[in-house]
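Scroll down for the structure; my scribbles are underneath it.
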Ligand SMILES: [Zn+2]
């Protein structure tokens with residue numbers, strides 16, 4: 003099967019990447035629990051922000067900001083559920 | 008009485024040569040934590056070095072304290088733009104810890120209590136360049152600063168100096184640790200401003 007390049011999903015992802023994160027749920031890779039981001043634990047350090055699972059403490063997501071650059075990592079979630087408008 | 012000020016030489020305030028580019032001097036010790044502070048009792052503390060053969064070198068607290076202990080005075084540089092000059096530590100050199108370790112691998116992943124990891128090339132840990140420190144400024148290392156023991160690699164940005172270190176695992180490749188996976192530089196030399204990808 004033929005594949006398309008990344009541009010093919012740009013519009014689709016752009017729609018979803020404007021979701022309300024606090025209401026979204028995510029599945030933790032560590033313990034499998036599915037919970038709203040709002041229930042996660044957030045640690046802010048100078049190096050970056052770390053979001054940890056409320057059940058098992060594992061890192062769900064990271065945000066690193068440096069001037070005009072930012073890195074958002076979702077290393078600890080298998081998927082995020084977003085409510086469609 | 009005579010006054011000599013830098014103003015007379017026509018120069019602006021000189022920069023301290025010990026400060027890498029983009030760094031500012033601080034006198035306190037900011038705390039950077041990506042999670043809850045692990046409380047590790049020295050009675051349960053262990054440190055290990057694991058090689059590619061599965062060979063494991065292990066020290067408990069008493070065994071560790073029986074090793075040759077060095078006084079370290081060094082400047083430290085945090086990626087968040089602060090530097091602290093002439094900090095004083097006591098710890099065990101990685102040269103001592105690696106004395107009987109046989110490995111062909113060139114890279115190390117440091118692992119911490121609490122799950123943090125960071126990667127460092129082996130040759131940047133040897134020859135008097137790195138220590139496992141358990142004392143800062145004459146006092147046992149506070150848990151919030153990484154106690155009971157932390158890695159100290161002062162020639163790299165301070166996120167490489169893993170707090171609450173519990174072991175080093177030899178690696179064939181220079182794989183990224185926790186912050187290195189999430190935006191920070193794989194190497195982290197403050198003199199080259201290797202801050203981010
Ligand atoms: Zn979890």
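Residue numbers (our numbering), protein chains in the order written: chain A, 3 to 87; chain H, 8 to 204.
Virtual Cβ for every residue (Gly too), placed ideally from N, Cα, C.
Remember, predicted model here, so these are calculated numbers, not experimental data.
Per DSSP, residue 188(H) is one residue of the alpha helix (DSSP H) stretching across 185 to 188. Distances from the CB of residue 62(H) to the heavy atoms of ligand 1 are all 7 Å or more. Those residues that bring their Cβ nearer than 6 Å to a heavy atom of ligand 1 are 30(A), 32(A), 33(A), 35(A), 55(A), 57(A), 58(A), 60(A). Approximately 12 Å separates the beta-carbon atoms of residue 141(H) and residue 150(H); this is outside 8 Å, ruling out the contact.
For residue 47(A), the closest Cβ of chain H is nearer than 8 Å. Of all residues in the region 50 to 65 of chain A, those with a C-beta nearer than 8 Å to a C-beta of chain H are 50, 52, 54, 59, 60, 61, 64, reading in chain order. Residue 36(A) counts as exposed, since fewer than 16 other beta carbons sit within 10 angstroms of its beta carbon. Beyond the five residues adjoining it in sequence on each side, residue 130(H) comes within less than 8 Å, by CB distance, of 113 in the same chain, given in chain order. No Cβ-Cβ contact shorter than 8 Å links residue 167(H) with residue 176(H).
In this structure, the CA atom of residue 46(A) is about 43 Å from the CA atom of residue 4(A). Taken in chain order, the whole alpha helix (DSSP H) runs of length 4 or more contained in the region 48 to 130 of chain H are 68 to 72, 101 to 104. DSSP, reduced to helix, strand and coil, places residue 44(H) outside both helices and strands of the structure shown, so it counts as coil. For the region 151 to 164 of chain H, the set of residues with a beta-carbon nearer than 7 Å to any beta-carbon of chain A is empty. Classified as exposed, residue 33(A) has fewer than 16 neighbouring CB atoms from the shown chains inside 10 Å of its CB. Residue 147(H) is bridged by DSSP to 142(H). Taking 8 Å as the cut-off, the beta carbon of residue 53(A) is found no closer than this to the beta carbon of residue 68(A). Nearest C-alpha to residue 184(H) among 116(H), 202(H), 178(H): 116(H). Each residue's CA atom was taken as its position, placing residue 51(H) and residue 139(H) some 17 Å apart. The DSSP-derived three-state label of residue 164(H) is coil. Neighbours of residue 68(A) in chain H, taken as residues whose beta carbon is under 8 Å from its own, are 190, 202, 203 in chain order.
Annotation: the region 19 to 78 of chain A contains the following complete segments of the beta strand (DSSP E) (minimum length 3 residues), in chain order: 27 to 30, 36 to 38, 43 to 47, 50 to 54, 61 to 68, 71 to 75. Put simply, the backbone Cα of residue 29(H) is about 15 Å away from that of residue 162(H). In summary, the residues of the region 22 to 46 of chain H whose CB is separated from some CB of chain A by less than 9 Å are 37, 38, 39, 40, 41, 42, 43, in the order they occur in the chain. Among the residues of chain H, those whose CB is under 8 Å from the CB of residue 77(A) are 188, 189, following chain order. DSSP places residue 30(H) outside any beta strand (DSSP E), giving it a letter other than H or E. Bridge partners of residue 174(H) according to DSSP: 55(H), 118(H). DSSP places residue 15(A) within a helical segment (H, G or I) once states are collapsed to three. Legend: CB atoms of the region 24 to 44 of chain A lying less than 9 Å from CB atoms of chain H belong to residues 43.
Here residue 120(H) is buried. Its C-beta has 16 or more other C-beta atoms within 10 Å.
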